[in-house]
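**Student:** Protein chains in written order, with the numbering used here: chain B, 1042 to 1410; chain A, 1042 to 1410.
C-beta: ideal position from N, C-alpha, C; glycine also.
Treat the numbers as computed from the prediction; the structure is a model and nothing was measured.
Protein chains: 2
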Amino acid sequence: MKNFSIAKSRRLRSTPYTSRIEKQGVTAYTIYNHMLLPAAFGSIEDSYKHLKEHVQVWDVAAERQVEISGKDSAELVQLMTCRDLSKSKIGRCYYCPIIDENGNLVNDPVILKLDENKWWISIADSDVIFFAKGLASGHKFDVKIVEPVVDIMAIQGPKSFALMEKVFGKKITELKFFGFDYFDFEGTKHLIARSGWSKQGGYEVYVQNTQSGQKLYDHLFEVGKEFKVGPGCPNLIERIESALLSYGNDFDNNDNPFECGFDQYVSLDSDINFLGKEKLKEVKLKGPQKKLMGVRINIKEISLTGSKDIYDENNNIIGELRSACYSPHFQKVIGIAMIQKSHWEVSQSFKIQVNGNTINGNVCDLPFI
Amino acid sequence: MKNFSIAKSRRLRSTPYTSRIEKQGVTAYTIYNHMLLPAAFGSIEDSYKHLKEHVQVWDVAAERQVEISGKDSAELVQLMTCRDLSKSKIGRCYYCPIIDENGNLVNDPVILKLDENKWWISIADSDVIFFAKGLASGHKFDVKIVEPVVDIMAIQGPKSFALMEKVFGKKITELKFFGFDYFDFEGTKHLIARSGWSKQGGYEVYVQNTQSGQKLYDHLFEVGKEFKVGPGCPNLIERIESALLSYGNDFDNNDNPFECGFDQYVSLDSDINFLGKEKLKEVKLKGPQKKLMGVRINIKEISLTGSKDIYDENNNIIGELRSACYSPHFQKVIGIAMIQKSHWEVSQSFKIQVNGNTINGNVCDLPFI
């Protein structure tokens, strides 16, 4: 595939770590929440192998926060997500589909409950802040909505636990998955969650004190040599093999949570009030007509820049491939596709055009096994 | 400046013209409304000269539409903008700052009135659709809000009038600035406005019939040879020289319309209802404390990737430079900066660090003269 440069400007915001990752050899960016998100440091496959074996520090400042605080903040946050947050606890992260009045997805953030009246919505790539502002204004909610200065750095990979213990002490290894707490680095408290956009384990540091965060970034590389620490970023291969879905890639505002396999996060039976609840009841009653599934394709290489139609043996379109990569683990191309109900049978075979050739593939359940 | 690749994926949407512009030599992209927007075809200065002399066809599909229709559509659209639309006419475009409840800018679209109950908000780079959906839901407005399939191609430059006349006939030259009408191309009607993101004159074709739009794209190049038609895109130099402001670059959700010189679009004296009206009355009463101004800097080259602080002779920060380029017309670097009230005097001198050197510059009014 031909390479195109990214034209930088203030509108594509840099992060506090940009100058560091550029010295460390970042080669490609994507844009996420109007911000630079590193997408490659040379070979994605080499990075994938390193991530699965060692530890990486990622500049994921593009995972922006929408901070909602004030008397009506819990009501507004609940209105935006179909997941029941009535029993949510301070110090915990919650994966929460954000839904519009049509029952379709606006975003799929992790929501952090900082206090009874203070929340961070750690967003995927859409302007949830304006959705929240519109709702708050229309409902005359007593809330304050801002994008705070928070620039996340992620520490991911099997050796992330040892590296973080070396910096923050034993206590950080006791943090449960999707729990967060405050940890001291050279006199500055940092909010750190056990989370991250890989399945290799790790942490996310929600950096509010930029200067201390930059020092921490450098420190992790200084003391991490014994763990073979390296720079990295969310890895296309790892995230597809792990079936971590991506808003905008695998689903968007034309899809509903049942079509994306988010059933466990849709609390239709509770008496909580959220947008699209009636629409989602209808969808559930009728059953979704399409859903995200895995696919395996009998080739060794693919470079997907958009959706690609999938056909049955009679050349009828039965779905569309939305993300794909060569998987070293499965030794073929795998991907995530939206498949029509008529063709949900596992091992359903299909055809797809890649570089002018007709290739065969098979549908499978997610996650891949 | 070092070049970085853009990592393409479905999330960074391609347009119906992407394969064409890649054959025509696009070299750099930016991302705008989650979509590829071409940023350069080789030298930006060569493109600038060509645009000012001949005619270019631009893939600006990234200027997405938010379509608002239904009984309460006029009320919702008015609620979102501080510009009085009560006397707006079908067939006209209106430049309209979109304002939140704090009186700050959400976007600065052109709004097209298609019908008494149907509007297109032709947006700059933020998800206005979710702001509209939030407001509509909170206010229980009877409206339908969608992003329709509309992929704008712009025809810009002094010879755009002759080229478009050759394709669409005499009638298109009678279209007034910011007027729109429907014109036939090989049996398909296209909405065409006399508008565009340059000051060199031209049109924007709001393509709904993708196939016909692609044919039109090719046709413009076939019949445009006599006008030296070329591919192009919004040009950094031309837009700064013309003082065309860019949401995200020159201003954002931390700025209000008075700080951006949008006074003529703020209808505080009318009895219309819009968000942030009381806040903006306060701002007007007190007077803005910062505003966008032009700057001239005594160097021949700059490459801005973010804001850059501007200092007075005592090294106090007096503002920040937000966009800049070398201007062939002024034969020095010019730019757009947010300047604190204490230093609004025209020809105010300042200092700025560029590539480690301290450079002098002067403040001036916008537009540049």
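Can you tell me whether B:T1071 is buried or exposed? The criterion is at least 16 other CB atoms within 10 Å of its CB, across all chains shown.
**Tutor:** Here residue 1071 of chain B refers to the residue found at position 30 when the first sequence is read from its first residue. The residue in question, B:T1071, is buried, as its Cβ has 16 or more Cβ neighbours within 10 Å.
**Student:** Secondary structure at A:H1231, three-state DSSP: helix, strand or coil?
**Tutor:** Here residue 1231 of chain A is taken as the residue at index 190 of the second sequence, counted from 1. Strand, per DSSP.
**Student:** Mind listing the chain A neighbours of B:D1141? Cutoff is C-beta to C-beta under 8 Å, in chain order.
**Tutor:** For the purposes of this step, residue 1141 of chain B is taken as residue 100 along the first sequence, with counting starting at 1. Residues of chain A passing the Cβ test: F1171, K1174, S1178.
**Student:** Could you tell me whether the Cβ of B:R1052 comes closer than 8 Å to any Cβ of chain A?
**Tutor:** Walking along the first sequence from the start, residue 1052 of chain B turns up at place 11. Yes, its Cβ sits closer than 8 Å to a Cβ of chain A.
**Student:** Below 8 Å between beta carbons: does that hold for A:A1177 and A:I1186?
**Tutor:** Position 136 of the second sequence, counted from the start, is the residue given in the question as residue 1177 of chain A. Position 145 of the second sequence, counted from the start, is the residue given in the question as residue 1186 of chain A. In this structure, A:I1186 lies closer than 8 Å to A:A1177 by Cβ.
**Student:** Taking C-beta pairs closer than 8 Å, name the residues in chain A that B:T1091 reaches, listed in chain order.
**Tutor:** Reading the first sequence from its first residue, position 50 is the one you call residue 1091 of chain B. Rather than Thr, the amino acid found at residue 1091 of chain B in this sequence is His. By Cβ distance, chain A contributes nothing, its closest Cβ being about 18 Å from B:H1091, past 8 Å.
**Student:** What three-state label does DSSP hand B:K1159 in the structure shown?
**Tutor:** Along the first sequence, one-based indexing puts residue 1159 of chain B at 118. Strand.
**Student:** Which whole-angstrom value describes the C-beta separation of B:V1037 and B:G1254, a residue pair presumed to lie in contact below a C-beta threshold of 8 Å?
**Tutor:** Within the shown structure, residues of chain B are numbered from 1042 to 1410, placing residue 1037 of chain B beyond reach of any answer.
**Student:** Do the region 1261–1278 of chain B and the region 1094–1107 of chain B meet, that is, are 3 or more Cβ pairs less than 8 Å apart?
**Tutor:** Contact between the region 1261–1278 of chain B and the region 1094–1107 of chain B is present, because at least three Cβ pairs lie under 8 Å.
**Student:** Candidates A:Y1058, A:H1075, A:K1217, A:R1235: which alpha carbon is nearest A:S1050's?
**Tutor:** Here the question's residue 1050 of chain A lines up with position 9 in the second sequence. If we check each option's Cα against that of A:S1050, A:H1075 comes out closest.
**Student:** Would the region 1271–1281 of chain A count as touching the region 1095–1114 of chain A if we require 3 or more Cβ pairs under 8 Å?
**Tutor:** Short answer: they touch.
**Student:** Would B:V1067 count as contacting chain A if we go by Cβ distances under 8 Å?
**Tutor:** Numbered from 1 along the first sequence, position 26 holds the residue referred to as residue 1067 of chain B. It does: the Cβ of B:V1067 has a partner Cβ on chain A nearer than 8 Å.
**Student:** Provide the residue(s) that pair with A:E1245 in DSSP beta bridges, ordered along the chain.
**Tutor:** Stepping through the second sequence from its first residue, residue 1245 of chain A is reached at position 204. Paired residue(s): A:A1195, A:A1234.
**Student:** Confirm, please, whether the CB-CB distance from A:G1347 to B:S1055 is below 8 Å.
**Tutor:** The residue you call residue 1055 of chain B lines up with position 14 of the first sequence. The residue you call residue 1347 of chain A lines up with position 306 of the second sequence. Yes, they are a contact pair.
**Student:** Output, in sequence order along the chain, the residues in the region 1283–1304 of chain A whose CB is closer than 7 Å to any CB in chain B.
**Tutor:** So the list reads S1287, G1289, N1290, given in the order they occur along the chain.
**Student:** Assuming B:V1151 contacts B:S1163 (C-beta within less than 8 Å), just tell me the rounded distance between them.
**Tutor:** Here residue 1151 of chain B refers to the residue found at position 110 when the first sequence is read from its first residue. Here residue 1163 of chain B refers to the residue found at position 122 when the first sequence is read from its first residue. About 5 Å; that satisfies the 8 Å criterion.
**Student:** Scan the region 1349–1376 of chain B for residues whose Cβ lies nearer than 8 Å to a Cβ of chain A and list them as they occur along the chain.
**Tutor:** For the region 1349–1376 of chain B, which is checked against every Cβ of chain A, the residues closer than 8 Å are R1363, S1364.
**Student:** Candidates B:S1344, B:I1375, B:I1340: which alpha carbon is nearest B:M1334's?
**Tutor:** In the first sequence, the residue the question calls residue 1334 of chain B occupies position 293. Comparing Cα-Cα distances from B:M1334 to each of B:S1344, B:I1375, B:I1340, the minimum goes to B:I1375.
**Student:** Going by DSSP, name the residue or residues bridged to B:V1374.
**Tutor:** Taking the first sequence and counting its residues from 1, the one referred to as residue 1374 of chain B is at position 333. DSSP, once it has assigned bridges, lists B:I1338, B:Y1367 as partnering B:V1374.
**Student:** How is the alpha helix (DSSP H) around B:D1166 delimited, first residue to last?
**Tutor:** Here residue 1166 of chain B refers to the residue found at position 125 when the first sequence is read from its first residue. Per DSSP, B:D1166 belongs to no alpha helix (DSSP H) and is neither H nor E.
**Student:** For A:N1276, tell me which candidate among A:S1364, A:Q1106, A:W1160, A:D1293 has the shortest Cα-Cα distance.
**Tutor:** Translated into positions along the second sequence, residue 1276 of chain A becomes position 235. Of the candidates A:S1364, A:Q1106, A:W1160, A:D1293, the one whose C-alpha sits nearest the C-alpha of A:N1276 is A:S1364.
**Student:** Identify the continuous alpha helix (DSSP H) that holds B:Y1411 and give its terminal residues.
**Tutor:** The first residue shown for chain B is 1042 and the last is 1410, placing residue 1411 of chain B beyond what the model contains.
**Student:** For A:L1309 versus A:K1325, is the C-beta distance shorter than 8 Å?
**Tutor:** For the purposes of this step, residue 1309 of chain A is identified with residue 268 of the second sequence, where counting begins at 1. For the purposes of this step, residue 1325 of chain A is identified with residue 284 of the second sequence, where counting begins at 1. Taking 8 Å as the Cβ cut-off, A:L1309 and A:K1325 qualify as a contacting pair.
**Student:** To the nearest angstrom, how far is it from the Cα of B:E1300 to the Cα of B:L1146?
**Tutor:** On the first sequence, position 259 is the one that residue 1300 of chain B refers to. On the first sequence, position 105 is the one that residue 1146 of chain B refers to. When rounded, the distance between both Cα atoms is 10 Å.
**Student:** Report buried or exposed for A:H1180, applying the criterion of at least 16 other Cβ atoms within 10 angstroms of its Cβ.
**Tutor:** The sequence position of residue 1180 of chain A within the second sequence is 139, counting from 1. Buried, by the Cβ-count rule.
**Student:** What runs of the beta strand (DSSP E), each 3 residues or longer, lie entirely inside the region 1297–1360 of chain B?
**Tutor:** Complete beta strand (DSSP E) runs here, min 3: 1331–1338, 1349–1352.
**Student:** Report yes if the C-beta distance between B:I1413 and B:V1395 is below 8 Å; otherwise report no.
**Tutor:** Missing from the structure shown is residue 1413 of chain B; chain B here goes from 1042 to 1410 and no further.
**Student:** With distances taken from CA atoms, which of A:S1046, A:Q1241, A:I1170, A:E1279 is nearest A:D1087?
**Tutor:** Within the second sequence, the letter at position 46 stands for residue 1087 of chain A. The shortest C-alpha separation from A:D1087 is found at A:E1279.
**Student:** Tell me which residue opens and which closes the alpha helix (DSSP H) that A:A1203 is part of.
**Tutor:** In the second sequence, residue 1203 of chain A corresponds to position 162, counting from 1. Note, A:A1203: alpha helix (DSSP H), 1201–1209.
**Student:** For the putative contact between A:C1134 and A:Y1306, defined by C-beta atoms under 8 Å, what is the C-beta separation to the nearest angstrom?
**Tutor:** The residue you call residue 1134 of chain A lines up with position 93 of the second sequence. The residue you call residue 1306 of chain A lines up with position 265 of the second sequence. Their Cβ separation, rounded to whole angstroms, is 13 Å, which puts A:C1134 and A:Y1306 out of contact at 8 Å.
**Student:** Comparing alpha-carbon positions, which option in A:Q1389, A:F1391, A:E1227, A:N1339 lies nearest A:C1366?
**Tutor:** Here residue 1366 of chain A refers to the residue found at position 325 of the second sequence. Closest by alpha carbon: A:N1339.
**Student:** Would you mind working out which of A:D1296, A:K1349, A:N1158, A:G1317 sits nearest A:P1329, comparing C-alpha positions?
**Tutor:** Translated into positions along the second sequence, residue 1329 of chain A becomes position 288. Per the Cα distances, A:D1296.
**Student:** Out of A:P1298, A:D1304, A:N1044, which one is the CA nearest neighbour of A:A1081?
**Tutor:** Residue numbering aside, residue 1081 of chain A sits at position 40 when the second sequence is read from its first letter. For A:A1081, the nearest C-alpha among the options comes from A:N1044.
**Student:** Spatial neighbours of A:N1355 within its chain, please: C-beta separation below 8 Å, excluding the five flanking residues on both sides.
**Tutor:** Locating residue 1355 of chain A in the second sequence gives position 314, where the first residue counts as 1. So no residue of the chain qualifies.
**Student:** Under 7 Å: does the beta carbon of B:H1075 sit that close to some heavy atom of the ligand GDP?
**Tutor:** Looking at this structure, you won't find the ligand GDP or any other ligand, since it has none at all.
**Student:** Report the CB separation of B:I1233 from B:I1213 in whole angstroms; it is logged as a contact under 8 Å.
**Tutor:** Counting from one through the first sequence, the residue named residue 1233 of chain B turns up at place 192. Counting from one through the first sequence, the residue named residue 1213 of chain B turns up at place 172. About 7 Å separates the two Cβ atoms, so the contact holds.
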